[in-house]
Amino acid sequence: MSLGGLALGVGMLVDNSIVVLESIDRYRRKGYSAIDSANTGASEVGRAVIASTLTTICVFIPIIFVKGIAGQLFNDQALTVTYSLLISLLVAITLIPMLSSLKIDRKKNPDIKRNGENAVITGNLLPTRILYILLYPLFIVFDIVFPAITRVYPGVVNFALSRKLLIITIALSILGGSWYLYINLGKELIPELSQGEFSIKIKKPVGTPLADMLKTVKRIETIASDNPEIQTIYTITGSTSQAGGTIAEERENIGEINISLREKSNRKLEKNVMADLRHKLKQIPAVEYKFSRPAYFTYLTPVEVEIKGYNLNILEKLSKTVIARLEEVKGLADIKSTIEGGIPEIQIIFNRQKLSQLGLDLNTIANIIRDNILGNVSTEFSRRERKVDIRVRVRKEDIGNVEDLKNFVVNPEGEKPITLASIAEINIKKGPGEIRRLNQERVVVVSANLVGRDLRSVVMDIEEKIADIKITSDFEVSVSGQSREMLVAFSSMVFAIALAAFLVYIVMASQFESLLHPFVIMFTIPFALVGVVLALFITAKPISVIVLIGVVMLAGIVVNNAIVLIDCINTRRKEGMPRREAIIEGGKIRLRPILMTTTTTVLGLLPLALGLGEGAELRMPMGITVIGGLLFSTLLTLILIPVVYDLVEKAKESVWRVG
Numbered sequence: 022m023s024l025g026g027l028a029l030g031v032g033m034l035v036d037n038s039i040v041v042l043e044s045i046d047r048y049r050r051k052g053y054s055a056i057d058s059a060n061t062g063a064s065e066v067g068r069a070v071i072a073s074t075l076t077t078i079c080v081f082i083p084i085i086f087v088k089g090i091a092g093q094l095f096n097d098q099a100l101t102v103t104y105s106l107l108i109s110l111l112v113a114i115t116l117i118p119m120l121s122s123l124k125i126d127r128k129k130n131p132d133i134k135r136n137g138e139n140a141v142i143t144g145n146l147l148p149t150r151i152l153y154i155l156l157y158p159l160f161i162v163f164d165i166v167f168p169a170i171t172r173v174y175p176g177v178v179n180f181a182l183s184r185k186l187l188i189i190t191i192a193l194s195i196l197g198g199s200w201y202l203y204i205n206l207g208k209e210l211i212p213e214l215s216q217g218e219f220s221i222k223i224k225k226p227v228g229t230p231l232a233d234m235l236k237t238v239k240r241i242e243t244i245a246s247d248n249p250e251i252q253t254i255y256t257i258t259g260s261t262s263q264a265g266g267t268i269a270e271e272r273e274n275i276g277e278i279n280i281s282l283r284e285k286s287n288r289k290l291e292k293n294v295m296a297d298l299r300h301k302l303k304q305i306p307a308v309e310y311k312f313s314r315p316a317y318f319t320y321l322t323p324v325e326v327e328i329k330g331y332n333l334n335i336l337e338k339l340s341k342t343v344i345a346r347l348e349e350v351k352g353l354a355d356i357k358s359t360i361e362g363g364i365p366e367i368q369i370i371f372n373r374q375k376l377s378q379l380g381l382d383l384n385t386i387a388n389i390i391r392d393n394i395l396g397n398v399s400t401e402f403s404r405r406e407r408k409v410d411i412r413v414r415v416r417k418e419d420i421g422n423v424e425d426l427k428n429f430v431v432n433p434e435g436e437k438p439i440t441l442a443s444i445a446e447i448n449i450k451k452g453p454g455e456i457r458r459l460n461q462e463r464v465v466v467v468s469a470n471l472v473g474r475d476l477r478s479v480v481m482d483i484e485e486k487i488a489d490i491k492i493t494s495d496f497e498v499s500v501s502g503q504s505r506e507m508l509v510a511f512s513s514m515v516f517a518i519a520l521a522a523f524l525v526y527i528v529m530a531s532q533f534e535s536l537l538h539p540f541v542i543m544f545t546i547p548f549a550l551v552g553v554v555l556a557l558f559i560t561a562k563p564i565s566v567i568v569l570i571g572v573v574m575l576a577g578i579v580v581n582n583a584i585v586l587i588d589c590i591n592t593r594r595k596e597g598m599p600r601r602e603a604i605i606e607g608g609k610i611r612l613r614p615i616l617m618t619t620t621t622t623v624l625g626l627l628p629l630a631l632g633l634g635e636g637a638e639l640r641m642p643m644g645i646t647v648i649g650g651l652l653f654s655t656l657l658t659l660i661l662i663p664v665v666y667d668l669v670e671k672a673k674e675s676v677w678r679v680g
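Here you go:
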């Protein structure tokens, strides 16, 4: 994620330099010398640039409070963005003014013009003509579009200031309407990563010989090899693996098939191959299977239902009921339970009353039976460096079946022989293959994978399905898995967002030496969230930890445009300009740097939003989130912020008059 942070910061790296360079260029156009323009222009916006950078950086501080998967994802990225922005700030307030102060001899550089293309660095640093040819279409668009916006914008601001109630009503209506879209968005912990690889863990009934398991694995291999999209197949019989290649479990009735596809980044193809294999595996009797992708982060199965209680028979019945209910929920696959049929075993239930009457000790009899059936290591046979246990036990012919066991004498040294059948009940039953515990309670976990649906909607359907299952007070049925992790991650991320907004406010309050102006700027944050919701709704992306990470970043990014705008308005008012004229003039002056910084940030994030390359599932939601929020907040900054600023200043002046 550190490289992802670098890709994320590319568009923001030039923002500070753009603001400083635009301010210097504006003074050059007024006739100032190169050195005076560099000094005056950089000094004018220096504090605003520092404040805007600090607001972007301080949003990463709350990350230390983020728990779970969000913390794993965000730490390296936060450090990368922070370091890159600090260096960009240093460059903007030192190197950019120094380079701008250098005098350029126009007689030796006749190609330099006073229009869009003077943004190209000239001299011997770059092949100017080639760069000019490549960028010329952009110059044409900029020279046409920007002057038009510059002519229209003052009139728009003037109209907004004259119709404050209308503008505020429209803004609040948009904010309220976005809530309807928000509640209809899906939610998930983290998008599934498609790497062109997946595994199938298979299991047959307990007691299945390894040879039979091997035949089943080979049959599945044959089915998978018939698919032309599959490149390699690697199988394990008798065990399963976990992250890092270590063995997770060893049993004769389990196996694992690892499959690699020819196309690594085709998510749709991967889904189709998995769906095809699921359909074909249903035709193999007595086989449980579960599909999974490589786990790059530590999190649970998407859907898990925990059933807690003591009685194993009731737990098994409840698990079957839960499985039946989950099969009715759309979007679930690979439904399985941790409870499984046990191995047939001989159960000996002693009659303690008879043991007491005959003067026999239960532990002594149990040890005698164990030593005679399993044997007792009496000595060792040494051969070179190898030692072999010598085990003494009854011949298999003497205890070959249950009847022989019933006639087994439990007091070989007694005067009157006593058979096992006379003091115990002997039955052949299936015992539990596994007794799982969670927090010292017996638990059965029913798990499932998601297919084509978001986690939140599926969990809501599951809770509705299992709500009417009748259980006694000593049993509990609850939904866990990624849904529980999602609640923890979302709650910590909401706290991080709130703390980030508070830190941003503190930085701005120290910059403006006012509590009201930062309050005006903070209006951009909720309306940035409107842009996020719209972008997610249009692109059909659910809310995830990645999206919330983007929202944390937005809290520091979207205020930057408003900071430079309010700073310019305050500067004009200090020069004696009336409030309304200062608002219009400040907006006109800061229009170009605001549009340029927004454009560079959006273009820098565009590759992330387009989802290019491997791991796009992690980058795309963040890119969409920041782009949507930034574009919408920029529109609001240019129109709504002047209105709110005017209302706040007018209210402040009214309070002072009354005072």
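Its first residue numbered 22, the sequence shown is counted upward by one per residue in my numbering. Note that beta-carbon positions come from the ideal geometry of N, C-alpha and C, so glycine has one too.
Looking at the strands, I want to know which residues DSSP matches up with residue 326.
The count along the sequence shown starts at 1 and reaches residue 326 at position 305. According to DSSP, residue 326 bridges with 467, 500.
Expected contact under 8 Å - CB spacing of residue 458 and residue 464 to nearest Å:
Position 437 of the sequence shown holds residue 458. Position 443 of the sequence shown holds residue 464. Your pair residue 458 and residue 464 checks out as a contact, with CB atoms roughly 6 Å apart and the cut at 8 Å.
Under DSSP, the alpha helix (DSSP H) around residue 401 begins and ends at which residues?
The count along the sequence shown starts at 1 and reaches residue 401 at position 380. That residue, residue 401, is in no alpha helix (DSSP H); its beta strand (DSSP E) goes 397-404.
Starting from residue 445, trace the beta strand (DSSP E) both ways and give me its first and last residue.
Translated into positions along the sequence shown, residue 445 becomes position 424. Looking at the DSSP string, the run of the beta strand (DSSP E) that includes residue 445 is 445-451.
In terms of residues, what are the limits of the beta strand (DSSP E) holding residue 355?
Here residue 355 is taken as the residue at index 334 of the sequence shown, counted from 1. Residues 353-358.
Nearest neighbour of residue 440, chosen from 631, 379, 604, 199 [CA to CA]
What you label residue 440 is simply residue 419 of the sequence shown in a count that begins at 1. By alpha-carbon distance to residue 440, the top candidate from 631, 379, 604, 199 is 379.
Exposure label - residue 300; buried when at least 16 CB within 10 Å:
As a working note, residue 300 is residue 279 in the sequence shown. Per the 10 Å Cβ criterion, exposed.
Do residue 608 and residue 586 have their CB atoms nearer than 8 Å?
In the sequence shown, the residue the question calls residue 608 occupies position 587. In the sequence shown, the residue the question calls residue 586 occupies position 565. Result yes, Cβ atoms of residue 608 and residue 586 sit closer than 8 Å.
Which residue marks the beginning of the beta strand (DSSP E) containing residue 310, and which one marks its end?
Against the sequence shown, residue 310 aligns to sequence position 289. Residues 309-313.
Bridge-paired residues (DSSP) for residue 255:
Counting from 1 along the sequence shown, the entry for residue 255 is found at position 234. Residue pairing by DSSP places residue 255 opposite 279 in a beta bridge.
Measure the alpha-carbon distance for residue 129 versus residue 72 and round it to whole angstroms.
By one-based count along the sequence shown, residue 129 stands at place 108. By one-based count along the sequence shown, residue 72 stands at place 51. Low confidence applies to residue 129: its pLDDT is 45, below 50, so where it sits in the model is not reliable, and the reading given next is rough at best. A direct Cα-to-Cα measurement between residue 129 and residue 72 gives close to 39 Å.
Report all residues from its chain with a CB closer than 8 Å to the CB of residue 667; omit the five preceding and five following residues, and keep chain order.
Position 646 of the sequence shown, counted from the start, is the residue given in the question as residue 667. Shown here for residue 667: same chain residues with a beta carbon closer than 8 Å to its own, the five before and five after excluded, namely 182, 185, 600, 601, 604 in chain order.
What would DSSP say about residue 220, mapped onto helix, strand or coil?
Here residue 220 refers to the residue found at position 199 when the sequence shown is read from its first residue. Here residue 220 sits in strand by DSSP.
Can you tell me whether residue 346 is helix, strand or coil according to DSSP?
Counting from 1 along the sequence shown, the entry for residue 346 is found at position 325. Reduced to three states, the DSSP call for residue 346 is helix.
Name, in chain order, the residues that DSSP records as bridge partners for residue 459.
Here residue 459 refers to the residue found at position 438 when the sequence shown is read from its first residue. For residue 459, which the question treats as bridged, DSSP gives the partners 462.
Roughly how many angstroms separate the alpha carbons of residue 563 and residue 648, rounded to a whole number?
In the sequence shown, counting from the first residue as 1, residue 563 sits at position 542. In the sequence shown, counting from the first residue as 1, residue 648 sits at position 627. When rounded, the distance between both Cα atoms is 16 Å.
So, with DSSP's three-state summary, where would you put residue 303?
Walking along the sequence shown from the start, residue 303 turns up at place 282. In the structure shown, residue 303 sits in coil (DSSP, three-state: anything other than H, G, I, E or B).
Could you give the distance in angstroms between the alpha-carbon of residue 645 and the alpha-carbon of residue 100?
Counted from its first residue, the sequence shown places residue 645 at position 624. Counted from its first residue, the sequence shown places residue 100 at position 79. Those two C-alpha atoms are separated by around 21 Å.
Less than 8 Å between the CB atoms is what I'm expecting for residue 221 and residue 170, so what's the real figure, rounded?
Here residue 221 corresponds to residue number 200 of the sequence shown, with the count starting at 1. Here residue 170 corresponds to residue number 149 of the sequence shown, with the count starting at 1. Wrong, their Cβ atoms sit about 57 Å apart, outside the cutoff.
Opposing strand residues paired with residue 518 [DSSP bridges]:
Counting from 1 along the sequence shown, the entry for residue 518 is found at position 497. Paired residues: none, contrary to the question.
Close-in-space but distant-in-sequence residues of the same chain around residue 598 (CB under 7 Å, 5 per side omitted):
Reading the sequence shown from its first residue, position 577 is the one you call residue 598. Correct list, in chain order: 606.
In three-state DSSP terms, what is residue 371?
Working through the sequence shown from its first residue, we reach residue 371 at position 350. Note: residue 371 maps to strand in three-state DSSP.
Helix, strand or coil for residue 139? Go by DSSP, reduced to three states.
Position 118 of the sequence shown, counted from the start, is the residue given in the question as residue 139. For residue 139, the pLDDT reaches just 48, beneath the cut-off of 50, and the residue's location in the model is therefore unreliable, leaving the point undetermined.
Separation of residue 40 from residue 614, as counted between CA atoms
By one-based count along the sequence shown, residue 614 stands at place 593. By one-based count along the sequence shown, residue 40 stands at place 19. C-alpha separation (whole angstroms): 5 Å.
Residue from 289, 271, 638, 329 whose Cα sits closest to the Cα of residue 462:
Numbered from 1 along the sequence shown, position 441 holds the residue referred to as residue 462. Considering only alpha carbons, the answer is 329.
For the alpha helix (DSSP H) containing residue 411, list its first residue and its last residue.
As a working note, residue 411 is residue 390 in the sequence shown. Element bounds for residue 411: not the alpha helix (DSSP H) but the beta strand (DSSP E), 407-413.
For residue 422, is the classification buried or exposed, using 16 other Cβ atoms within 10 angstroms of its Cβ as the cut-off for buried?
Counting from one through the sequence shown, the residue named residue 422 turns up at place 401. Looking at its Cβ environment, which holds fewer than 16 other Cβ atoms inside 10 Å, residue 422 is exposed.
Residue 373 versus 390, 383, 366, 367, residue with shortest Cα-Cα distance:
Translated into positions along the sequence shown, residue 373 becomes position 352. That would be 383, whose Cα lies nearest to the Cα of residue 373.
Exposed or buried, residue 247, counting other C-beta atoms within 10 Å across all chains shown (16 or more means buried)?
Here residue 247 is taken as the residue at index 226 of the sequence shown, counted from 1. Flag for residue 247 reads exposed.
Could you please give the first and the last residue of the uninterrupted alpha helix (DSSP H) stretch that includes residue 197?
Within the sequence shown, numbered from 1, the residue matching residue 197 stands at position 176. Residues 185-204.
Where residue 208 sits in the DSSP three-state scheme
Counted from its first residue, the sequence shown places residue 208 at position 187. The three-state secondary structure of residue 208, taken from DSSP, is strand.
Determine, using beta carbons only, whether residue 393 and residue 412 come nearer to each other than 8 Å.
On the sequence shown, residue 393 is found 372 positions in, with the first residue counted as 1. On the sequence shown, residue 412 is found 391 positions in, with the first residue counted as 1. No; because the gap between Cβ atoms is not below 8 Å, this pair is not in contact.
Residues near residue 448 by beta carbon distance below 8 Å, same chain, minus five either side
In the sequence shown, the residue the question calls residue 448 occupies position 427. If we look at residue 448 and ignore the five residues flanking it on each side, its Cβ neighbours are 367, 368, 370.
When the Cα of residue 685 is compared with those of 232, 567, 486, 444, which residue comes out closest?
Lying outside 22 to 680, the shown extent of the chain, residue 685 is not represented and no answer is given.
Does the pairing of the segment 66-85 with the segment 522-540 give three or more beta-carbon distances under 8 Å?
Three or more Cβ pairs closer than 8 Å define a contact, and the segment 66-85 meets that threshold against the segment 522-540.
Hey, out of 623, 643, 206, whose CA is closest to residue 573's CA?
Reading the sequence shown from its first residue, position 552 is the one you call residue 573. Cα-wise, what sits closest to residue 573 is 643.
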